[in-house]
Structures are given as C-alpha cells and as structure tokens.
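First comes the structure, then the notes that go with it.
Chains as they are written, first to last, in full-length UniProt numbering: chain A, 1 to 757; chain B, 1 to 409.
Take a look at the structure:
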C-alpha cells in the first residue's frame, strides 16, 4: 500500500498496516525532519522493523536531494539477516511500483567468520583464528613474498578480488550475508573485503551494534560514514551495558604472563629485523615522527583494531618521542607490565580513579599520561612493522595496551578495582585488576555527535525518561506506543505462592529453601502437563539454575517433567547451547514438546525468539537482580548517583525488571501469536517493582492475576489456552480497528487527524 | 537416562548397579565414548563384566562430583579414565552439527561479531567463576550436558536392527546408524538455499498481507463420519466413472488437419514467443478446480444432506451392524494400544483379551462382507477395509511383541 505522511509518500509492502505502525512512522518522520535523535518504545510483534525501513527508504525516495544513508544496528546475526530479508521484500515492492529509480544497495556486514568462503580459513575453530588465518593469507607482506615464492599460500578469493580492482562492485540490490557469500563464490571474489569496500557506497548497511559502539572495531569499519546518516539501534534496551562493556578491560596474572611472552617474541623479532632489514624499522620511525594519522593509507587487509578512544584530536597528535623507537617502546611496556604485576600482588581490595592510577604509574615506573595514551596505536604500528600475522597470540599485550590507553585518555567515568580473590571463594587467590567504565555516554557520545539522527528503539525501554539520562542526550522525540490487540493474546500472571500456599521468591534468604525449590518444581510440572508445545523457563543466574535443576533431579521432579516434555538447558558453552536450542525447536516442531531452561541476562535471553509454538508459556523464576555485592556494580551505582542523580535502588529495580520483561517478551513475535507469562516471585506483587514493567505487559496484567498460587495459575492457564484456540477476526471489526487498509488510512488522515490513540 | 542409581545394602560398603540390556542400549546411544571403548576393549582387554564394573565405578565417582578424586583414579587406571574424561566424540559431533543448525538459533555466528569480549576485554561477569585447575579440566562433566544429550538422542528416535541382548551387536548397529547419518549430511548439499528460504519466509508478516489466492481451507472435521463418508463416496464415484463412462471422444478431424493445426501453432509460437507466464493463473486455477470439483462436490452433497450418506443406501440391517462393529473396533483398539508398553501382568492379560476379542470381530467383518447382496459388496468392502487394516496393524504389533518377549526369556 501507498500513503502520505505529510510530504512523504510511504511505500509499505503489505495491504494492511497496524495503527501503531502508522503512528510510529509519523513520530519517526518528525525526528528525521528535525535532524535529531529519537527514542521509540513499541512492543514486540508489531512490526517495528518494517515500519522503520519503509519510512526511511520512502523518505529518501521522496527527497532525492537529501540522500540519507541508513545504518541499522542489530544485536545478533539472525536479526541482521531477518532485517535484510524484510528490506528485500520492501525493495521488491518499491521497485515494482517506482521502477528502477527506486533501486538501492543494501548489505549486511559481519566478521570474517560469517562471511569467509575460503574453506581452508573457515575450518578454524573460532573467530580469532579465522581472523588470523585470513591475515596469514592476505596481509600485504605475505602477498609480496608470495609473488617471489609461489609456495607461499595466498587466498584465491582475495587475489581475484584485488585483480578485479575497481570492477569489483556489487550491483544494486539487497544482500543478506547468505547472498554475499553466494555472490562471492559465484564471482570468485572475497565477500568479506567486497562487503567492507561496498559499505561506503551502500544506501543501507546492516551490522552489529559493536561495529559502531566498540571503538576497537568502529574505527576501521565505520570511520568513513558521513554525517548524513540515520543510525538505528534496534532492541536497544541494553545499550548502556554494551557501551560500558566496550570500554572495560580486566588484567589477570595470566594476562601479564602472556604479555611478557609477547614482549619477548617481539624483541626477538626486532633483533632479527635489525640484522636483516634495518631499513624497515627506520621507516617506521620516520612515519611516527609525522604522526600516526596515516592509517587510512594502509591496504585494506592490514587494518587492525583501531585506537580505543575516539576523540579525533588525539589521532592527529604525533607519537611522543620517547616511544618512537621500537626498543624504547618495548622497555616501556615491560615496565608497565612489571608495575601491574606489582599491583596484583596486593592483599586487599583497592579502588582508585584513573587520575591517581596514572600518577602512581608515573611516580613508580616513569611512564607519563601521554605515553600511556599512545600505547595502543604504537603497539599496532609496531606489530605491522614486525609483520606479525598470528594476531590471536598477541591478545594479552593488546589488552594491556588497551587499558593503558584508556586510563591515559579518560579522567572520569572509570575506576580501577583490584581484587586479590573472589570474595565468594576467599581461599583461592585469583587477583584481577579491572578497569571498568561506568558511564555509557562516553562511548555513545561520538555516535550522537557524528550522525544527524540516531534512533533508539526496542520493545522495552521503560521507564523511557531514564535512557536519555543514562546516555546523556536530548531526544527530539521520545514516545512509547501501546499495542492494539484483536484479542487478549498475552496473559501475564504474578505467582506469589506455591501449591502449599507458602510464598515463593529468589530472595537471598529464601533462595535455597527446599520448600521454595519444590514449589517452583511443582509449578513447572503442573504447567508442562497442560501447556502444549514449548515452555521456556528463565532463572536468575547460572549457579541458581544448576542448583535447582540438581535438586529437582534428586527429588524426582525432573523425571516427572520429562514424562511430559523433553528438557533442554542453556550452558556456558555456545556450541552446546546452540545445539540444544536446535533440538528444542525440533522437539516443538514434531509435537513432542520441550522445556528450555535458560538464564536471564544470558545469551539466549538476549537474542533468541521463542515465538509461536516454540514458546506458549514462559516462567520467570525470581527477579533477575544483579549481584549486588559486586564491587564493579557498587562503583557504577555510586557514579550514577553522583553524576546523574539516579538512586541505587531505582537503578537496580529498573535493570532487573527490564531483564525480566525482555525474557518474557521473547514469547510473542506477532499479533497472531499468543503466550502466557508467569512471574514467579512474591516480590512482583509489590507496586514499586511491578510498575517498572513496560506498559504493554502491565495493560494486560489484571488485578485478579496479581497474587496467584500454583493451582489458580493452572486454572487460568487452561482457560486461556482454550480461549486462544478459537478462531478470531483478524481485523478486529468489533470496536476498535486493529488493522488498517489504505482506505481506512486515507479516511483517518482526512478526518481532521482524528487519531486512534 | 540416569536410571542407574547405585543401590546400597546398608550393611557393607558395597554398592550395586543394575544394568539391563535396555539401559545398556541407552548408554551406548547417549555416550559414544563408552560405546567406542566397549568395541575396543571387550573382550580382548577386559571381560564384559569387568567392563561394566569399571563403568559403574566411574559413574559412582562422577556422581560424587569430586573432580580431584576422579582425576586421581583416572591416573591409576587407563581404562577407567576413558569413562571419567569428557566425551570427545560428542564434542566432534557437536562441531559438525552446529554448522547445520537453524540460523535463527545460531549463537555461534553472533560470537563472530563480538569484539567486546575479546580475551580480557569487557566486564568480568558476576557469576562466580568455576575455578578449575587445568589438570582437572578434562574431568569436568556437567549434568546439563547429559540432559541435552538425552534430549537429542530421544529426538532422533531409535531404529535398531539388532537384538538388544547382544551388547556388541547393539554397539555396532548404533555405529552403522551414525555412519548412515554422516553420509546423509554430506549428500544434502542444498542446505544453503534451505536456510535462505527459511529466513525469507520468516520475514513476512502474515496478518498484514491480504488473503492469498487460492485460499487454503483449514481442515475442520467436526464429525469423523463426515470424512469417512466423503472418502467412500469419492471412491465409489471413481469406480462408477471407470466402469460406466468409458466415453470415447468422437473425433471428426483427420490426422492431416490435426498435424496442420499443430504446425501452425508451433510456427506462431516461434514468431511470437511464448507468453509470459506460459499459462495464466486464472486458467490454471480453473483447470485445477475443475479437476478437483468431484471431491469437493461429493463432500458438499453428502455433508449437507445426512440422509444421502453411502451408508444409507445399504440395507438397514447391514448399516446398523457395520456401525456397531465400527464403534466396537474403535473401542477395542483404543484399549489395546493404551496398554503398551506392557509393564505389568495385568496389562499382559488385558492385551491378550483384547486380541481375542478383536480376532472374533475380524471374522465377523468378513462374514458381513460375504453376506451382503452382491451389488453392495464392493461398497461394503471399501467401508470395511480401513477397519481390517487397523486390526491387522494391531495383530502385527502383538505378534512382534510376543516374539520379542519369548526371545528375551
């Protein structure tokens, strides 16, 4: 369908549209017009992505004088693929209606591991070895050597791509990662480097958050993006955590040992180079005198993680004289490692800010702030000069330099915490020095400054006024949309008591109470016997899940559960969890039914959908509070209180409830879908906790469902499932319309803006 | 899984494990390393009994969750170590399988983009690290791993062409199955297309799209008899068409004319090219509906007017008898199948009783078939046929089960 929003003609690839999608587009258009940032909360399953894509592409089509580029950031690879698949649908529709002038180039970008087509590289175990394997074949010096010596292997895909030179372009169209690989295979070109090259010409780029937020990667991938970009962060409810993680480093004894090995290896290399090719070291020295900003001239295959601090002025400064010579730099690093080793030998927990830490480094080993700040770039340059290809072995020294650069750059928003042991296991010495970032706004600031519009959107951004404070920006539009439902397809419940009427909770005092464990087990057992297909359970932590599953196993409850459904469980091993999920889906597909045990804040809770029959019920056992005794968390809370005036309790509750909402929101992906959500903890019945849940859950949470015991919940579940099995009218003809056709829309717009919300 | 619980007599320090062929089969299918070890060790290095004693010992050590003891024991005994260590074959299999998983759950792909959690980067998570010295690392086993593996094996289902009693042949049979799977995996090469198809299918939002043509009519069977009737009528109709309506099309066109018209058509196509699409959707749909009209119309006729059912055309006595037999067959079959697997003596006698009753009905059905007047015989036999088939299946299952029991002793 085709309709007007003010001066923009929107092409929407479906015959009907949800009213909330329409209002979402209206708000988004306002933000684009104002060239400002916006914050939009809309429940899952209401077609956020397609609304967003339709509006932005149509906006560009309507205003050809103002070519805006779209950078769409997703959290997971499959969301990336799904977004591109939706865009493909939209693109076909637009081309059909507008002809070839509507053609655009859109592509996804991921790591080598997901794009490489060279079987010898791809066979490597993990991402880092794939990266290193690629470098071994494509680094400029390797290729130079290969010209002289044909026995040195190179990558034929990369060679073909290089040979094709400027002819190696992607014709317009929408390319998923899958399509890129297929295209690369067909042409014999390396899809990874092709994609990276085409990113600058593409109209739409879909990639992971980290390519924009993690300064290590953002520097190389995203630096060419111009200001006229609309940046979208989808599913962005956790964006502040991603930000602070991107700037945090931890150093352990193993790191320092590894770093020392790296340094030895590098000094050997330097000796060797001095004997054979001293000119190269001299050339590097001269380059450093001119400043490091020449990174842009490096061949594409040699690029490295970039400086972890984005501020532009630093990149333009010259490297301080005393670390320009390779040997001098190595000795600085040795002293730094020695200093850190000394610090790790402490008996007590220490906490300090970056300023005092830098002062103490300077006093004890004579490395000043400026030298620290340049460590990362200097190391990078040295490793290139030394032609090191097995980069995965050098992660230790990189971590040390990374930390040095961070403490040398930022004077606030960080703290350094040294813990001699984990206080839960005080008998095992495991010293760790952590540089942790508390201020998410430091990371995202360059993004807000560089791009004209940044859209932060998710199904759960409640309370919506907290995000601008956490990220320190001023949105021009900040709105939360409700969901128009044809029927009550979600059924949230708060379960406070077990079948024996005793309270259930994961509160510290009650957590290991056998009665609570048994009540939780009975709840699950009762539910699996009435709910068809998939059931998902979330626990507050891995250790709690392990403990409770073992206790269910010992008491035989698990065996009874398995008589109804197969049981699969998330583990810390990604491969195993992936397989477990795959099997879970197959069990649901074939009608056997299954239960999946997972952890709030875990990878499954973050990225996997349990829509349709893959999740008819989700049980959240307990409230997923962070471990409140963690020193990092305490330091962050203190910082938030002092800088942003956010109270500790408020932040903790907000954080726990957004995770809980995220977990239960996994079951519903479209309006035709239905699912139940059980919050199994007595604390959810308290208003201060519950009210932090997003509006679309609260509006379905009836007062009668606020204080249930197992048997009552069972009864409600049975009723609900029976009701959902009935046929229903999708357009919601009775009362409010939930599906608008083109006519409806025109009528609505002409009807003097008689909005439905 | 984990059905083997150690039993202790409470007086001595001895614990006993009971292993049945069924359990051994389970162990073999869930723990490939044990299976492999069995094939390698028995009977040359260990006797069957010793092998299982060692296995039980290892299980007992594992259940105590004391990694250091397990490691110490393993250091002394090479064969025991096989059971105590993590299963490498499983890990290999996992790596192979993970390349073929549904892309929507592929979390490994996400790791590719995660440069935040490079070694030593990112925040240390609040979970207490399970601390493990590297020498103990291979001995770490987790219960969740077993759970997942159990689920995977159950899902695969079991087709075993070997006798459960012979442990060795069971192990070999499982290996054969695994190898067959492996070659299957190699042969399915169109995996990539499969995946991209699945992604594009998921991208669409169904309820925003207008109704698709031709719309799919959902199967709604309120009364199973409707379905039964319409199928029968269909068969009859086909029969009638076959016998009575061998209508030869009378052709007035000579072969020469026919050839000429064909030639014209071909040359026309050569000049004009084929229209795109070759056949218009409407025409195709029309042909399809014309072809299937029979089915829908008979269903419509019969469904709308209950008095015109096939059954009603039969003599009243035959019809009543048929319906009675039908319900009793249904009832008997329901009881028969619900008593499997036979776990108690009571069930065993019940099954025998059911079987006897059913064989009587079987005879009766045959009688009915023979007794009806010849013009109805075919229809009746069509009606009776599914019942006989269901009964045959039940008998076959019964016989197979009896045989299995007798060989087991």
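Every residue gets a Cβ at the ideal spot worked out from N, C-alpha and C, and that includes glycine.
Just so it is clear, the structure is predicted and the values come from calculations on it, not from any experiment.
From the DSSP output, which residues share a beta bridge with residue i?
i, result
"residue 596/A", "536/A and 568/A"
"residue 416/A", "352/A and 435/A"
"residue 41/A", "458/A and 480/A"
"residue 173/A", "105/A"
"residue 4/A", "9/A"
According to DSSP, is residue i helix, strand or coil?
i, result
"residue 248/B", "For residue 248/B, the predicted structure reports a pLDDT of 41, less than 50, and the residue's modelled location is therefore unreliable. A value from the coordinates is still provided. It is coil, neither helix nor strand."
"residue 425/A", "coil"
"residue 551/A", "helix"
"residue 71/A", "strand"
"residue 310/A", "Per-residue confidence for residue 310/A stands at a pLDDT of 43, beneath the threshold of 50, marking its modelled position as unreliable; no derived number is given."
"residue 80/A", "helix"
"residue 620/A", "strand"
"residue 47/B", "coil"
"residue 663/A", "helix"
"residue 34/A", "coil"
"residue 11/A", "strand"
"residue 741/A", "strand"
"residue 243/B", "Because residue 243/B sits at a pLDDT of 46, beneath the cut-off of 50, its placement in the model cannot be relied upon, and the following sentence gives the value as read from the coordinates. Residue 243/B: helix per DSSP, three-state reduction."
"residue 610/A", "coil"
"residue 139/A", "coil"
"residue 301/B", "The predicted model places residue 301/B with a pLDDT of 49, which falls under 50 and marks its position as unreliable; any figure quoted below should be read in that light. Three-state result, residue 301/B: helix."
"residue 390/B", "helix"
Find out if the Cβ-Cβ distance for the pair residue i, residue j is shorter than 8 angstroms.
i, j, result
"residue 773/A", "residue 111/B", "Because chain A here runs from 1 to 757, residue 773/A falls outside it and cannot be looked at."
"residue 352/A", "residue 456/A", "no"
"residue 13/A", "residue 90/A", "yes"
"residue 632/A", "residue 123/B", "yes"
"residue 711/A", "residue 499/A", "yes"
"residue 27/A", "residue 477/A", "yes"
"residue 52/B", "residue 19/B", "yes"
"residue 87/B", "residue 21/B", "no"
"residue 34/B", "residue 28/B", "yes"
"residue 322/B", "residue 390/B", "no"
"residue 69/B", "residue 61/B", "yes"
"residue 680/A", "residue 502/A", "no"
"residue 571/A", "residue 144/B", "yes"
"residue 625/A", "residue 537/A", "no"
Nearest to residue i by CA position, among the options, is which residue?
i, options, result
"residue 544/A", "192/A, 427/A and 520/A", "520/A"
"residue 107/A", "55/A, 464/A and 72/A", "72/A"
"residue 447/A", "127/A, 228/A, 64/A and 4/A", "228/A"
"residue 38/A", "80/A, 145/A and 234/A", "234/A"
"residue 705/A", "682/A, 10/A and 723/A", "682/A"
"residue 238/A", "507/A, 322/A, 218/A and 210/A", "210/A"
"residue 579/A", "591/A, 608/A, 369/A and 420/A", "608/A"
"residue 375/B", "90/B, 14/B and 314/B", "314/B"
"residue 173/B", "147/B, 12/B, 388/B and 26/B", "26/B"
"residue 532/A", "466/A, 571/A, 179/A and 594/A", "594/A"
"residue 568/A", "230/A, 394/A, 597/A and 161/A", "597/A"
"residue 328/A", "343/A, 270/A and 400/A", "270/A"
"residue 388/B", "326/B, 264/B and 55/B", "326/B"
The ligand MN and residue i: does the residue's C-beta get closer than 7 angstroms to at least one heavy atom of that ligand?
i, result
"residue 237/A", "Looking for the ligand MN in the displayed structure turns up nothing, as the structure carries no ligands at all."
Checklist entry - If you measure beta-carbon to beta-carbon, which residues of the region 103-118 of chain B are closer than 7 angstroms to chain A? => result 103, 104, 105, 106, 107, 108, 109, 110, 111, 112, 113, 114, 115, 116 and 118
Next on the checklist: Along the region 57-81 of chain B, where does the CB come closer than 8 angstroms to a CB of chain A? Name the residues.
Outcome noted: none
Item to check | Proximal residues, the region 556-590 of chain A versus chain B, C-beta separation under 7 angstroms | outcome: 566, 567, 568, 569, 571, 574, 575, 576, 577, 578, 579, 580, 581, 582, 583, 585, 586 and 587
Checklist entry - At a Cβ cut of 7 angstroms, what residues of the region 253-273 of chain B count as close to chain A, listed as they run along the chain? => result none
Checklist entry - Taking a cut of 9 angstroms between CB atoms, which residues from the region 8-41 of chain A lie near chain B? => result Answer set for the region 8-41 of chain A: 12, 13, 14, 15, 16, 17, 18 and 21.
Checklist entry - What residues in the region 474-494 of chain A have a beta carbon less than 8 angstroms from any beta carbon of chain B? => result none
Next on the checklist: Short of 8 angstroms Cβ to Cβ, which residues in the region 261-285 of chain A face chain B?
Outcome noted: none
Item to check | Contact list for the region 240-258 of chain A against chain B, Cβ threshold 8 angstroms | outcome: 242, 244, 245, 246, 248, 249, 250, 251, 252 and 255
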